[in-house]
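*Asks:*
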Amino acid sequence: VLVGRAMGKLQSKISFHTTKYRADGSVEETGPLRAVQQHGPAHTDAVTSVAALKPDLCVSGGSDKSVAVCSWRSGAALRRFIGHEREVTKVTSAPDSNRVFSASRDKTVMMWELHGTSGPSQHFPGHDLVVTGLAVSPDASQLCTGSRDNTMCKWDTETGECLGRAAISRNLVTHLCWVPGEPYVIQTSEDKTIRIWDSRELQVAHTFPAKQHIQTCCDVSQDGRYCLSSSSGSAGEGGEATLWDLRQTRNRVREYKGHFQTTTSCIFLPRGPALAPSIATSSYDSTVKVWDQHTGGRG
C-alpha cells in the first residue's frame, strides 16, 4: 500500500492530463486535474497503513491506535474502530468481505466487522513483539501474521484459535501477502530474504536468493504469477523493487531502480485494457514512481 502522513487533507494546485485508475481496473483519460476536495482527517496522528476494502472504500490504521474506514469518493470517514493499546502497524481485508483486520505494536491482531460495533469481533494475541505482517485468506477463514519475534502464526478467524506457529532465527517479518487462489503466503524480512510459505502446514515452500538490503514490502499480482518486493537503501544504493516469478522457475525477473532511499512499499496496479501491466513504488526520497512491469521503464 502507498501510505500518506495524513488522509483527507490533500490539495492539488497543479493542472495536467493524466490517466485515472478506476476501482474496477478500467482506466479513463482525464483532462486537467481539479483541486482535491478537503475533508477532516481520518486519523489524529500519522497514517501507518492503507488497504482496499471494497470498490469505493478503503481501510487505514494509524499511530493514534485507531482503524478507520473511508470512502475514497467522498473522502469521508465512515467508521472508526477503537481497541488497540498502541500504534496500528498493518491493516488488511479479504476481497468483498465485511471483515477488517489490524495488527499493532501492542503485539495483537484484531478483527472488526464493517457493519458491527466499534469494538473488535475477534482478538488474536500470541506474538511476543510488534506484529508487522498480516495476510488473510481469500475466503477470510484464516489469517497469517508475522512479527519481529521471528515467528509466523496461522489463525482461525471464526474462533480466534492459533492453528500453527513457526519460528525462524533472524526472520524479522516486514510484510505478508496471500497469493490469490492459492494456499501460499509471501513474506519479506529484515534478513534480506523473500519466503513462500505453505499455509496448510505453515512451512517454508521456497526461499528466493537473498538480496543486498532489508526487504520492506511485498505484493502479488492478481493472476498469482508474480510477486514484488522492495528494498531498503540510502544515498542511491539499494532502494530497488524486484519482480519474482512464482511459477515453477521461481526466477528473479527484473529490478526497478530509480529511488535514492528506502522503497517503503510496492504494488501491482490494476490493469486496464489500454495499459501495459504497471507497478508503483513509494520511497523515503519523497517520490512515488510508476513502472512498466515488462520493461522497467517509468511512466
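299 is the number that full-length UniProt numbering gives the last residue of the sequence shown; the numbers go up by one with no jumps. By construction, the Cβ of each residue, glycine as well, lies at the ideal position given by its N, Cα and C atoms.
Which residues bound the beta strand (DSSP E) around R80?
*Replies:* That run of the beta strand (DSSP E) goes 77-82.
*Asks:* Which one of S97, F81, D128, P95 has the shortest CA to CA distance from M110?
*Replies:* Of the candidates S97, F81, D128, P95, the one whose C-alpha sits nearest the C-alpha of M110 is F81.
*Asks:* S102 to T264, Cα distance in whole Å?
*Replies:* Going from the Cα of S102 to the Cα of T264 covers about 19 angstroms.
*Asks:* Classify D149 as buried or exposed, calling it buried when 16 or more other Cβ atoms lie within 10 Å of its own Cβ.
*Replies:* Classification for D149: buried.
*Asks:* When DSSP labels each residue in this structure, what does I186 get in the three-state scheme?
*Replies:* Reduced to three states, the DSSP call for I186 is strand.
*Asks:* Tell me which same chain residues have a C-beta within less than 6 angstroms of the C-beta of A276, skipping the five on either side of it?
*Replies:* Within the same chain, A276 has close Cβ partners D292.
*Asks:* Do the segment 148-162 and the segment 61-71 touch if we need at least three Cβ pairs shorter than 8 angstroms?
*Replies:* Too few Cβ pairs lie closer than 8 angstroms, so no.
*Asks:* Spatial neighbours of T48 within its chain, please: C-beta separation below 7 angstroms, excluding the five flanking residues on both sides.
*Replies:* V3, G61, G62, S63, E87, V88, T89, listed in sequence order.
*Asks:* Taking P125 as the reference, give the member of K154, D139, S137 with the closest Cα.
*Replies:* With distances taken between Cα atoms, P125 lies closest to K154.
*Asks:* If you reduce the DSSP assignment to three classes, tell me which class A51 lands in.
*Replies:* Strand at A51.
*Asks:* For the segment 167-183 and the segment 113-127, state whether three or more C-beta atom pairs, one from each stretch, are separated by less than 8 angstroms.
*Replies:* At 8 angstroms Cβ cutoff, the stretches do not touch.
*Asks:* Going along the chain, which unbroken runs of the beta strand (DSSP E) with 3 or more residues stay wholly within the segment 250-287?
*Replies:* Correct list: 252-256, 263-268, 278-283.
*Asks:* What three-state label does DSSP hand F124 in the structure shown?
*Replies:* Three-state result, F124: strand.
*Asks:* Would a C-beta distance cut-off of 8 angstroms place F260 and S221 closer than the cut-off?
*Replies:* Against a cut-off of 8 angstroms, the Cβ pair of S221 and F260 comes out as no contact.
*Asks:* Output the residue ranges of the beta strand (DSSP E) runs that lie fully inside the segment 107-165 and measure 3 residues or longer, sorted by chain position.
*Replies:* Those beta strand (DSSP E) runs which fall completely within the segment 107-165 and span 3+ residues are 108-113, 122-125, 131-136, 142-147, 151-156.
*Asks:* If I'm right that C144 touches S230 with Cβ under 8 angstroms, what's the distance once you round it to whole angstroms?
*Replies:* That pair is no contact at about 20 angstroms.
*Asks:* Out of Y226, I194, V59, P270, point me to the one whose CA is closest to W112's CA.
*Replies:* It is V59 whose Cα lies nearest to the Cα of W112.
*Asks:* Out of T262, G181, G83, G272, point me to the one whose CA is closest to S286's CA.
*Replies:* The shortest C-alpha separation from S286 is found at T262.
*Asks:* Do you know how far the Cα of E255 is from the Cα of S71?
*Replies:* About 34 angstroms.
*Asks:* Since I196 contacts H206 with CB under 8 angstroms, what's their CB separation in whole angstroms?
*Replies:* At roughly 4 angstroms, the Cβ-Cβ gap stays under 8 angstroms, so I196 and H206 are in contact.
*Asks:* Tell whether a beta-carbon distance below 8 angstroms holds between A51 and S93.
*Replies:* Cβ atoms of A51 and S93: closer than 8 angstroms.
*Asks:* Distance, Cα to Cα, G272 vs G297?
*Replies:* Cα to Cα, G272 sits roughly 18 angstroms from G297.
*Asks:* Taking C-alpha atoms, which residue in G83, D56, A210, E85 lies nearest to A77?
*Replies:* Closest option to A77, Cα to Cα, is D56.
*Asks:* For T117, does the count of other Cβ atoms within 10 angstroms reach 16, so buried, or fall short, so exposed?
*Replies:* Classification of T117: exposed, given that the 10 Å Cβ count is below 16.
*Asks:* Beta carbon of G133, beta carbon of G146: below 8 angstroms?
*Replies:* Their beta carbons are under 8 angstroms apart, which means G133 touches G146 by this criterion.
*Asks:* What residue does the beta strand (DSSP E) around I196 start on, and which one ends it?
*Replies:* Start and end: 194-198.
*Asks:* On the DSSP letters alone, give me the boundaries of the beta strand (DSSP E) that A68 sits inside.
*Replies:* Run containing A68: 66-71, per the beta strand (DSSP E) assignment.
*Asks:* Mind checking who E237 pairs with in its DSSP beta bridge?
*Replies:* DSSP output for E237 lists S234 as bridge partner(s).
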